[in-house]
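Colleague: Residues in the sequence shown are numbered consecutively from 1, following the UniProt record's numbering.
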Amino acid sequence: MSSRRQSSNAPGLSSNSRRDTHPKIRCKCEKDVVVRIVIQGPNLGCNIYGCPLWPDTHCDLFKWFNDNNEVEDCQMKMLEKDTIILELEYEQKI
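Structure, rendered in structure tokens:
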């Protein structure tokens, strides 16, 4: 079983919806950001912050996630755990 659940929202990006408690980054939609993983192209494997409603919104939040920062690395791990929890909670509601 993979420790990272991914669902593709658009070509070239994988998205994990996360409850974001550490970097208090919010988009113009007033939603907590999600971390997306580039799955094709020259930035393959890079992580970015983005709007959880994208591509169904005109919100243009885009911020590179710096993997070289130890604090951000820990925050990413926490966000990944939150993602798993949220997805399991969602699956139980279905």
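Virtual Cβ for every residue (Gly too), placed ideally from N, Cα, C.
(1) Assuming residue 134 is part of the beta strand (DSSP E), what are its boundary residues?
(2) For my contact list, Pro52 and Val34 are in at a C-beta cut-off of 8 Å; report their separation, rounded to the angstrom.
(3) Could you check where the beta strand (DSSP E) with Gly50 kicks off and where it finishes?
(4) Determine the contact status of Met76 and Asn43, defining contact as a CB-CB distance below 8 Å.
(5) Looking at Tyr49 and Lys63, is the spacing between their C-beta atoms short of 8 Å?
(6) Between Arg26 and Glu80, what straight-line distance do the alpha-carbon atoms span, to the nearest angstrom?
(7) Between the Cα of Arg36 and those of Phe65, Lys24, Asp60, spot the shortest distance and give me the residue it belongs to.
Modeller: The structure says:
(1) This structure does not reach residue 134, given that the chain is present from 1 up to 94, and the question cannot be answered.
(2) The residue you call residue 52 lines up with position 52 of the sequence shown. The residue you call residue 34 lines up with position 34 of the sequence shown. Pro52 to Val34, Cβ: 5 Å. Contact.
(3) Counting from 1 along the sequence shown, the entry for residue 50 is found at position 50. Unbroken beta strand (DSSP E) run through Gly50: 47-50.
(4) As a first step, residue 76 must be located in the sequence shown, where it is residue number 76. As a first step, residue 43 must be located in the sequence shown, where it is residue number 43. Inclusion of Met76 and Asn43 in the CB contact set at 8 Å is not warranted, their separation being larger than that value.
(5) Taking the sequence shown and counting its residues from 1, the one referred to as residue 63 is at position 63. Taking the sequence shown and counting its residues from 1, the one referred to as residue 49 is at position 49. Taking the C-beta atoms as reference points, Tyr49 is found nearer than 8 Å to Lys63.
(6) Here residue 26 corresponds to residue number 26 of the sequence shown, with the count starting at 1. Here residue 80 corresponds to residue number 80 of the sequence shown, with the count starting at 1. Using only the alpha carbons, I get a separation of about 17 Å.
(7) The residue given as residue 36 occupies position 36 in the sequence shown. It is Phe65 whose Cα lies nearest to the Cα of Arg36.
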